[in-house]
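J.: Mind having a look at this structure? Questions to follow.
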Amino acid sequence: MSDNNSNSTIERSSFTNKIGFVLAAAGSAVGLGNLWRFPYCVAKYGGGMFLLIYVILGLTFGFSLMVAEIAIGRKTRLSAIGAFDKLKPGYSFIGVIASLVPIIITPYYCVIGGWVLKFLWSYITMPTNIVASTNEAGLTIFEQLITAPAEPLVWFLIFMCFNILIIAIGVEKGIEKFSKILMPILVALILIVAIYSCTLPNAIKGIQYYLIPRSEEFSINTILSAMSQLFYSLSLAMGIMITYGSYMKKDCNIETSVWQIEIFDTVIAFLAGLAIIPAVFSCGTPDDLKAGPSLMFIILPRLFNTMEAGRIIAIIFFFLVFFAALTSSISLYETCVSIFQDRFKQKRIPSIVFTLLICIVIGSLASLGYGPLSMITFFGMQFLDLFDFISNSILMPIVAFLTCIFIGYIIKPKVLIEEVESSNGNFRLKGLFTIVIKYIAPVLILIILVASILQNMGIIPTI
Ligand code: PFF
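In the working numbering, the protein residues as written are 284 to 746.
In structure tokens, the structure reads:
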């Protein structure tokens with residue numbers, strides 16, 4: 284769904300029905316963020332405490348920001364840059380910063396997509412015990428992959444080819460239709476794997492770690508990581524929901540749609556956590572909790588190795604994850620293309636090529652960052668972690684902060700409340716919306732952002 288026509292408010296196509304909007308937005312929201320990023324963030328940043336903070340932020344920040352972005356889009360019928368400008372001339376810079384986020388995320392998202400493809404291929408060609416085993420040097424398949432001189436780059440490029448091919452022959456819509464069949468199968472499969480994982484020996488410790496918040500796990504970093512994960516997972520603070528809102532019909536209820544998208548997205552992330560965290564306690568070591576981006580790729584092979592029909596389940600599982608990653612990366616890619624089209628008044632083909640070049644440069648750095656380029660680090664972060672940190676922990680909170688200030692104090696919440704009520708009759712949570720957007724969100728985001736930057740630079744101790 285590209286925004287080729289962002290300056291026209293007349294000829295804008297709309298989602299044909301209400302559920303169409305929710306499905307499209309949920310399709311963009313559900314992806315590697317739920318399946319790969321959420322479980323490793325929970326494991327790394329405090330288990331039950333992370334989960335609790337995530338849910339609280341989802342009910343307040345996530346809800347308010349998503350309502351705001353969709354309402355901005357629907358009111359202006361424009362994508363981010365034009366939308367802010369139309370609401371108040373001179374404020375398009377918020378949209379410009381928001382547009383940087385997908386440009387940074389798309390390349391490294393495709394690198395992870397490449398990792399998923401590698402695992403799919405490994406299960407097609409090798410039995411489960413081989414995929415789960417280590418080599419003579421004690422390295423898992425995953426570690427061998429990311430430290431290899433060229434292999435991660437090759438898988439990244441193969442994943443990119445899928446994207447380009449689908450975009451070039453213009454069958455994104457077909458892929459979206461296909462994903463409506465495959466998504467429910469993915470949910471069912473995660474549910475099965477989660478139930479299995481919870482019945483493993485020692486899994487109960489993992490379930491407790493996942494579900495019971497412990498005060499000693501609370502830190503500024505827990506809130507920052509939960510907040511950035513929330514934005515990432517719900518595709519917020521990057522202009523995307525504004526674009527989706529711009530295609531939404533006037534009779535569609537924004538408040539209800541937001542709850543549906545949020546619940547769907549959170550349930551999938553929760554199940555992915557339930558599949559992986561108990562398995563860490565059963566098939567892994569406590570150190571694995573801190574594994575970060577590699578968690579899914581280290582734990583799942585061990586889990587599949589303990590299953591009767593592990594290989595076939597693994598093949599179906601990684602195929603579905605690949606598909607979820609592909610639909611998300613296509614919508615990310617299309618977003619970048621439409622940003623270049625709108626911003627630099629380029630035609631579609633040059634914009635596709637330009638996006639591709641950026642993806643190849645940033646993606647190559649990200650894919651080789653754990654191997655040949657591992658000597659280059661920034662504050663102890665490899666390239667992929669650095670890109671993730673810049674987009675999720677710096678740019679997205681800044682965009683969210685500016686959006687709140689813009690709505691709370693420049694255009695005033697009333698303008699968006701009226702937009703929500705134009706289809707809804709009554710915006711039930713408008714009180715919560717106003718308080719979060721005007722006071723709670725900006726203050727909290729500012730404190731967390733400053734504290735986290737000072738902490739990462741070693742100026743104040745870790746709280
Ligand atoms: N929200 C997606 C995920 O959780 O994987 C990431 C994403 C996909 C962001 C598509 C933006 C987007 F347009």
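Virtual Cβ for every residue (Gly too), placed ideally from N, Cα, C.
#1: For residue 420 and residue 654, which I take to be in contact (beta-carbon distance under 8 Å), what is that distance rounded to the nearest angstrom?
#2: Taking a contact to mean a Cβ-Cβ separation below 8 Å, would you say residue 354 touches residue 544 in this structure?
#3: Should the region 556-572 be regarded as contacting the region 372-385, the criterion being three or more beta carbon pairs within less than 8 Å?
#4: Determine the closest residue to residue 504 out of 361, 642 and 329, with distance taken between C-alpha atoms.
#5: Starting from residue 563, trace the alpha helix (DSSP H) both ways and give me its first and last residue.
#6: If I measure Cβ to Cβ from residue 724 and keep anything under 6 Å in the same chain, skipping five residues before and after, which residues do I get?
#7: Quick check on the DSSP output: the alpha helix (DSSP H) that includes residue 647 runs from which residue to which?
#8: Report all residues for which the CB-ligand distance to some heavy atom of ligand 1 is below 5 Å; order them along the chain.
#9: Around the C-beta of residue 747, are 16 or more other C-beta atoms found within 10 angstroms, so that it is buried, or is it exposed?
#10: In this structure, does DSSP put residue 417 in helix, strand or coil?
#11: Here's a check: name, in chain order, each residue in its chain whose Cβ is nearer than 8 Å to the Cβ of residue 548, leaving out the five neighbours to either side.
#12: If I'm right that residue 566 touches residue 589 with Cβ under 8 Å, what's the distance once you round it to whole angstroms?
#13: When you compare the CB positions of residue 521 and residue 679, do they come within less than 8 Å of one another, or not?
#14: Exposed or buried, what is residue 608 when buried is set at 16 or more other beta-carbons lying within 10 Å of its beta-carbon?
#15: Assuming residue 324 and residue 646 form a contact by the criterion Cβ under 8 Å, report the distance between their Cβ atoms to the nearest whole angstrom.
#16: Among the residues of its own chain, which have a CB less than 7 Å from the CB of residue 379, if the five just before and after it don't count?
#17: Closest to residue 719 by CA distance: which of 347, 327 and 321 is it?
#18: Between residue 527 and the rest of its own chain, which residues show a CB-CB distance below 6 Å, the 5 nearest in sequence each way excluded?
#19: Could you give the residue range of the alpha helix (DSSP H) that holds residue 368?
#20: Which residue spans inside the region 401-488 form an unbroken alpha helix (DSSP H) run of at least 4?
#21: Does the region 459-466 come into contact with the region 595-608, if we say contact requires no fewer than three beta-carbon pairs (one atom in each stretch) closer than 8 Å?
#22: Report the partner residues of residue 332 according to the DSSP bridge assignment.
#23: Quick one: is residue 442 buried, meaning 16 or more other Cβ sit within 10 Å of its Cβ, or exposed?
#24: Alpha carbon to alpha carbon, how far is residue 414 from residue 579? Give it in angstroms, no decimals.
#25: Would you please state the rounded distance, in angstroms, between the beta carbons of residue 591 and residue 358? I believe it to be under 8 Å.
#26: What's the call for residue 286, buried or exposed, on a 16-neighbour Cβ count within 10 Å?
#27: Is residue 732 buried or exposed, if buried means 16 or more other CB atoms sit within 10 Å of its CB?
#28: In terms of residues, what are the limits of the alpha helix (DSSP H) holding residue 740?
#29: Counting C-beta neighbours from all protein chains within 10 Å, is the total for residue 372 16 or more, i.e. buried, or is it exposed?
#30: Using a 10 Å radius around the Cβ and a threshold of 16 neighbouring Cβ atoms, would you call residue 245 buried or exposed?
#31: Which same chain residues end up closer than 6 Å to residue 471 when comparing Cβ atoms and leaving out the 5 residues on each side of it in sequence?
#32: Ignore the nearest five residues each way along the sequence and tell me which others in residue 391's own chain have a CB closer than 6 Å to its CB.
#33: Once the 5 residues before and after residue 638 are set aside, which same chain residues still bring their CB inside 7 Å of it?
#34: Which word fits residue 401, buried or exposed, when buried means at least 16 other C-beta atoms lie within 10 angstroms of its C-beta?
T.: If we stick to the structure as given:
#1: Between residue 654 and residue 420 the Cβ distance is about 14 Å, and since that is not below 8 Å, they are no contact.
#2: no
#3: no
#4: 329
#5: 537-566
#6: 344 and 687
#7: 631-651
#8: Those residues are 311, 312, 314, 315, 316, 516, 518, 523, 611, 614 and 615, given in chain order.
#9: It is not possible to answer for residue 747, since the shown part of the chain is limited to 284 through 746.
#10: Note: residue 417 maps to strand in three-state DSSP.
#11: 309, 312, 313, 317, 516 and 517
#12: About 7 Å separates the CB atoms of residue 566 and residue 589; that is less than 8 Å, so the two are in contact.
#13: yes
#14: buried
#15: About 22 Å; that fails the 8 Å criterion.
#16: 364
#17: Of the listed residues, the one whose Cα sits closest to residue 719 is 347.
#18: 308
#19: Per DSSP, residue 368 belongs to the alpha helix (DSSP H) from 363-370.
#20: 411-415, 424-430, 434-451 and 455-481
#21: Yes, the region 459-466 is in contact with the region 595-608.
#22: Note: residue 332 sits in no beta bridge, so no partner.
#23: buried
#24: 13 Å
#25: Your pair residue 591 and residue 358 does not check out as a contact, with CB atoms roughly 54 Å apart and the cut at 8 Å.
#26: Reliability fails at residue 286, whose pLDDT of 42 lies under 50, so the model's placement of it is uncertain and no value is given.
#27: buried
#28: It is not in any alpha helix (DSSP H) - residue 740 carries neither H nor E in the DSSP assignment.
#29: exposed
#30: No answer is possible for residue 245: the residues shown for the chain start at 284 and end at 746.
#31: none
#32: 649, 667 and 670
#33: 616, 619, 620 and 623
#34: buried
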